[in-house]
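Written below as structure tokens is the structure these notes are about.
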Amino acid sequence: MARVVAELGRPETAEETAARKAEFSRRYRSSKTFPSLLAAILATLAIMFVVVLGVPRGTPAEAPPIDVTAESSALAADLGRPVIDPAVPDDWRVNAARIEGGSVDAWTISYAPKAERGFLNIAQGFGASESWPAEMLRGATTSATVTIDGIEWAEYSISDAAGAGNISYALATTAGDDRVLVYGTAAPDIAKAAASAVTADIRELREATP
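Numbering-wise (UniProt numbering), the sequence shown opens with residue 1 and increments by one.
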């Protein structure tokens, strides 16, 4: 039996019944949209919270310190020749110690001296020519010489540090068939201390060369 609609005063037609049901369904679905969306967001946040809590915490383990003496001794044994082992202060942190390629191979140790923001490299260029320091310093020229522990070093005071690979000061000297280069952004007095740290090595290299 058809439903009597008070507003119409007569039973509604099949079309009116279908339209009424469709409108009711539309309103029902519309009323459910926001709560459903809110519930979905809250569920997602809860899952994320659980995942975050489940991630292990803690400070990553520090890399083991580099033993320059052990590394240089092993390299000297492999090459059958003296290799520098700088006697720098114990509080200078070693960032790297490796062979670096280029026009010549160079045994290079990178330091971060205490209380210094910059870095300091000490490199031994194997069989390096007179032009090698300038190559490493991107064309910088020597400005003077300085004698440290009886050894004469070419001194480079670099005004355009950016143009020289962020290097502001350097020292270079011969060591037998090799050349030793001290360079970086540390203050000149720190670089000179590093040069002093390889005095014994330089003398050994010079004495080992006929």
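Cβ coordinates follow ideal geometry from the N, Cα and C atoms, glycine included.
Could you have a look at residue i and say whether DSSP puts it in helix, strand or coil?
i: M202; result: Checking the displayed sequence, the identity of residue 202 turns out to be Ile instead of Met. I202: helix per DSSP, three-state reduction.
i: P188; result: helix
i: D78; result: helix
i: A2; result: Because A2 carries a pLDDT of 47, less than 50, the predicted location of this residue cannot be relied on, and the following value inherits that uncertainty. Coil at A2, not helix or strand.
i: T69; result: helix
i: T44; result: helix
i: A197; result: coil
Name, in chain order, the residues that DSSP records as bridge partners for residue i.
i: W132; result: According to DSSP, W132 bridges with nothing at all.
i: R93; result: A112
i: R98; result: T108
Compare the Cα-Cα distances from residue i to each of the options and report the closest residue.
i: A175; options: L79, T185, W153; result: W153
i: I148; options: A194, K114, T142, A186; result: A194
i: I99; options: D160, D67, G125; result: G125
i: R179; options: P188, R206, A191; result: R206
i: T142; options: A172, G118, I122; result: A172
i: E204; options: G163, P82, P64; result: P82
Distance, Cα to Cα, residue i vs residue j?
i: A2; j: T44; result: In this prediction, A2 has a pLDDT of 47, which is less than 50 and means its spatial position is unreliable; what the coordinates show is noted afterwards. Answer to the nearest angstrom: the Cα atoms are 47 Å apart.
i: G184; j: Y169; result: 6 Å
i: A106; j: E71; result: 14 Å
i: V5; j: A14; result: The predicted model places V5 with a pLDDT of 47, which falls under 50 and marks its position as unreliable, so this point remains unresolved.
i: N95; j: D85; result: 15 Å
i: I202; j: E130; result: 16 Å
i: I109; j: D90; result: 14 Å
i: I190; j: A87; result: 13 Å
i: L137; j: A197; result: 21 Å
Can you tell me whether residue i sits near the ligand SAH, meaning its C-beta is under 8 Å from at least one heavy atom of the ligand?
i: R117; result: Absence of the ligand SAH from the depicted structure is noted, as is the absence of any ligand whatsoever, leaving it without description.
What ranges does the alpha helix (DSSP H) occupy inside the segment 100-183, keeping only unbroken runs of at least 4 residues that lie completely in it? The segment 100-183 is shown to contain whole alpha helix (DSSP H) runs of 4 or more residues at 132-136, in chain order.
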